[in-house]
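Enquirer: Quick note on the numbering used here: the sequence shown kicks off at 14 and runs consecutively.
Every residue, glycine too, gets a C-beta built ideally from N, C-alpha and C.
After the structure tokens below, expect a handful of questions from me.
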Amino acid sequence: MKNDPPSQMVLGTAQMGMPYGIANFSAVPSESLIQEYIEFALERGINSIDTARGYGMAEVHLGRSIGALGIGKTVRVFTKLTETELSSDEIAIESIENSLNRLGVSKLHGLYAHFLPTTELEQLQIIQRLTFLKQRGYTSHIGFSLYDTNFKRQRALEHEIDLFQAPINVLDRRAIHNGFMHWCTSRKKIFVIRSIFLQGLLCNSEVFKVRLKEHFQTPIKEWFDLCEEKQLTPTAAALQIAMVLSEGNPIIVGFDSLRQLKENLHQISLFDFDDALRLTRSTLGLSQRSNFDRRLIEPNRWSEIMKDDVLNADTNSGDYR
14 MKNDPPSQMV LGTAQMGMPY GIANFSAVPS ESLIQEYIEF ALERGINSID TARGYGMAEV
74 HLGRSIGALG IGKTVRVFTK LTETELSSDE IAIESIENSL NRLGVSKLHG LYAHFLPTTE
134 LEQLQIIQRL TFLKQRGYTS HIGFSLYDTN FKRQRALEHE IDLFQAPINV LDRRAIHNGF
194 MHWCTSRKKI FVIRSIFLQG LLCNSEVFKV RLKEHFQTPI KEWFDLCEEK QLTPTAAALQ
254 IAMVLSEGNP IIVGFDSLRQ LKENLHQISL FDFDDALRLT RSTLGLSQRS NFDRRLIEPN
314 RWSEIMKDDV LNADTNSGDY R
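See the structure below:
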């Protein structure tokens with residue numbers, strides 16, 4: 014397994030450290046259950062794991078399972094550092110060493126900046142800091158976890174940036190439409206797809222009615238109507254579409270229970286490209302209407318479109334790239 018290539022499917026871990034997702038009403042799983050998740054995924058060929066310091070206790074819980082399973086030298090771990098953690102070389106070294114210790118690995122497969130600085134000068138400073146960490150041997154790949162993929166691409170060509178993560182799902186194809194995913198893959202850069210379930214919004218047909226203001230519900234309602242018409246569960250449909258849109262790039266697969274993880278991997282095993290391509294084409298209109306509101310696909314702005322009574326009580330949604 015040590016020399017196996019990274020798997021296309023990447024195990025998401027946000028839910029291992031905190032309540033995560035607009036449709037997740039489960040508690041953070043126990044460490045024994047987390048170990049069961051990881052062992053089950055490994056048995057099915059998934060050797061890549063995505064996490065972040067910002068995911069609560071995820072790095073700690075994940076690290077204990079990595080140690081118990083003895084996979085520290087074989088599993089491919091991606092993690093992320095915040096703006097504060099990358100504010101100086103000294104702080105960055107301390108932060109990444111803390112992450113490595115929590116995770117129980119000697120080197121990361123990939124390290125992201127968990128933000129994109131607003132100015133070109135600040136971006137250059139972060140790129141130089143990430144490059145410094147890579148040169149010190151802490152990670153094999155470095156890059157950015159993005160929402161907006163209008164990244165200045167020349168920066169990545171001029172430096173050692175070779176890793177990007179961005180959302181792609183049935184409602185969010187910005188990284189495809191603006192050519193960013195193709196640009197990454199054509200230049201041998203790793204492009205990792207996340208948010209294929211849009212933090213659970215695309216999977217639970219009741220949540221959007223309860224949580225979203227009525228004006229924003231139409232595309233979600235049409236999505237669930239389409240799934241019903243195609244006689245597919247929303248989760249299965251979202252997975253099929255993500256696999257078509259990914260064009261073979263890595264996909265982070267999230268879940269909030271062992272049952273859901275098993276179902277997700279079962280659906281992946283049933284993947285038929287031709288059927289999935291037809292399904293994907295049938296969804297093109299969902300996000301192309303002239304009045305489509307981008308806030309629907311930007312969880313960091315969901316507070317603007319949630320019903321007031323839900324917003325006051327909500328703790329599970331937000332910007333957890």
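Is the stretch 220–237 in contact with the stretch 185–194, if contact means three or more CB pairs nearer than 8 angstroms?
Expert: Result no; under three Cβ-Cβ pairs closer than 8 angstroms.
Enquirer: Using CA atoms only, rank isn't needed, just tell me which of G30, L170 and A169 is closest to D63.
Expert: Among G30, L170 and A169, the Cα nearest to that of D63 belongs to G30.
Enquirer: Can you list, in chain order, the residues of its chain whose CB lies under 8 angstroms from that of S300, leaving out five sequence neighbours each side?
Expert: Result list for S300: V183, L184, D185, R186, P232 and I310, in chain order.
Enquirer: Examine chain B for any beta-carbon lying closer than 8 angstroms to the beta-carbon of S78, and answer yes or no.
Expert: This model lacks chain B altogether; it includes just one protein chain.
Enquirer: Determine which residues share a DSSP beta bridge with F204 and list them.
Expert: BP columns for F204 point to F177.
Enquirer: For G25, name the three-state secondary structure that DSSP assigns.
Expert: Strand.
Enquirer: Looking only at C-alpha atoms, which of A255, Q212, F210 and D161 sits nearest to L290?
Expert: For L290, the nearest C-alpha among the options comes from A255.
Enquirer: If you follow the alpha helix (DSSP H) that V220 is part of, which residue opens it and which one closes it?
Expert: Counting along the chain, the alpha helix (DSSP H) containing V220 begins and ends at V220 to R224.
Enquirer: Give a yes or no on contact between the stretch 235–251 and the stretch 190–205, applying the rule of three or more CB pairs nearer than 8 angstroms.
Expert: Touching, no.
Enquirer: How many whole angstroms separate the CB atoms of P263 and V23, which I take to be in contact at a CB cut-off of 8 angstroms?
Expert: At roughly 5 angstroms, the Cβ-Cβ gap stays under 8 angstroms, so P263 and V23 are in contact.
Enquirer: If L94 sits next to R115, beta carbons under 8 angstroms apart, how far is it from one beta carbon to the other, in whole angstroms?
Expert: About 13 angstroms; that fails the 8 angstroms criterion.
Enquirer: In chain order, what residues of the same chain have a beta carbon less than 7 angstroms from the beta carbon of Y50, not counting five sequence neighbours either side?
Expert: Cβ within range, chain order: L271 and L274.
Enquirer: Determine the contact status of H154 and G123, defining contact as a CB-CB distance below 8 angstroms.
Expert: A contact, by the Cβ cut-off of 8 angstroms.
Enquirer: DSSP three-state call for V90: helix, strand or coil?
Expert: Three-state result, V90: strand.
Enquirer: Can we say the stretch 134–146 touches the stretch 96–110, given the rule of at least three CB pairs closer than 8 angstroms?
Expert: Segments in contact, yes.
Enquirer: State the Cα-Cα distance for the pair M194 and E260, rounded to the nearest angstrom.
Expert: Taking the straight line from one Cα to the other gives about 9 angstroms.
Enquirer: Who are the Cβ neighbours of L12 in its own chain at under 7 angstroms, not counting the five residues just before and after it?
Expert: There is simply no residue 12 to check, as the chain begins at 14 and stops at 334 in what is shown.
Enquirer: Can the beta-carbon of F177 be found less than 8 angstroms from the beta-carbon of F221?
Expert: Cβ atoms of F177 and F221: not closer than 8 angstroms.
Enquirer: Going by beta-carbon coordinates alone, are L225 and M319 separated by less than 8 angstroms?
Expert: Their beta carbons are under 8 angstroms apart, which means L225 touches M319 by this criterion.
Enquirer: To the nearest angstrom, how far is the alpha carbon of R307 from that of E317?
Expert: If you take the alpha carbons of R307 and E317, they lie about 11 angstroms apart.
Enquirer: Where does S61 fall in DSSP's three states?
Expert: It is a strand residue.
Enquirer: Here's the rule: buried if 16 or more other CB atoms are within 10 angstroms of the residue's CB, otherwise exposed. What is K86?
Expert: Under this definition K86 is an exposed residue.
Enquirer: Considering only the alpha carbon of each residue, which of E219, D288 and L258 lies closest to R207?
Expert: Per the Cα distances, L258.
Enquirer: For the beta strand (DSSP E) that T152 lies in, which residues bound it at each end?
Expert: Per DSSP, T152 belongs to the beta strand (DSSP E) from T152 to S158.
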